[in-house]
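Numbering (this note's numbering), first residue to last: 13 to 150.
Backbone N, C-alpha and C define an ideal beta-carbon position, used for all residues, glycine too.
These numbers come from a predicted model, not from an experiment.
Below is one structure, written out as structure tokens; the observations come after it.
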């Protein structure tokens, strides 16, 4: 069972818009590379935060290719890992045998969103400087 949540809200929506805007101005090879780096940073951060009992959930974390060249999915559980409780740990359960939420993926995403903004800005500046040098204008 993969965790694929479309999280809505001001910080997530603004961050997604910034990434979309950046992908339109960065070099074609720069954007997927940066997205890979960002996805792996989120994965490492989430793996460090996940509650470890047997280690199976932590080991099931991976980065998958998305539906577009610039989309990556950070997934835990599912995909043949025999870990079917990733959602319960992240979001909790209220029906039979209530279980409190112990989020690991959302806090990792929030932390990396803040840290990656500086990196995105730097990559955009490098990309725009190279464009200006090559074409003579912006």
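Exercise. From residue 57 to residue 125, what does the alpha carbon distance come to, in whole angstroms?
Worked result: Taking C-alpha positions only, residue 57 is separated from residue 125 by approximately 12 Å.
Problem set entry | For residue 95, the nearest candidate out of 69, 74 and 46 (CA to CA) | Comparing Cα-Cα distances from residue 95 to each of 69, 74 and 46, the minimum goes to 69.
Problem set entry | Extent of the continuous alpha helix (DSSP H) run through residue 68 | If you look at residue 68, you'll find it in the alpha helix (DSSP H) that goes 68 to 71.
Problem set entry | Given residue 49 as reference, the closest of 73, 71 and 84 once Cα atoms are compared | The residue from 73, 71 and 84 with its alpha-carbon nearest to that of residue 49 is 84.
For this session: For my contact list, residue 86 and residue 55 are in at a C-beta cut-off of 8 Å; report their separation, rounded to the angstrom.
Result: Separation of the CB atoms of residue 86 and residue 55 is rounded to 5 Å, and the pair is thereby assigned contact status at 8 Å.
Exercise. Taking buried to mean at least 16 other C-beta atoms within 10 Å of its own C-beta, is residue 79 buried or exposed?
Worked result: Per the 10 Å Cβ criterion, exposed.
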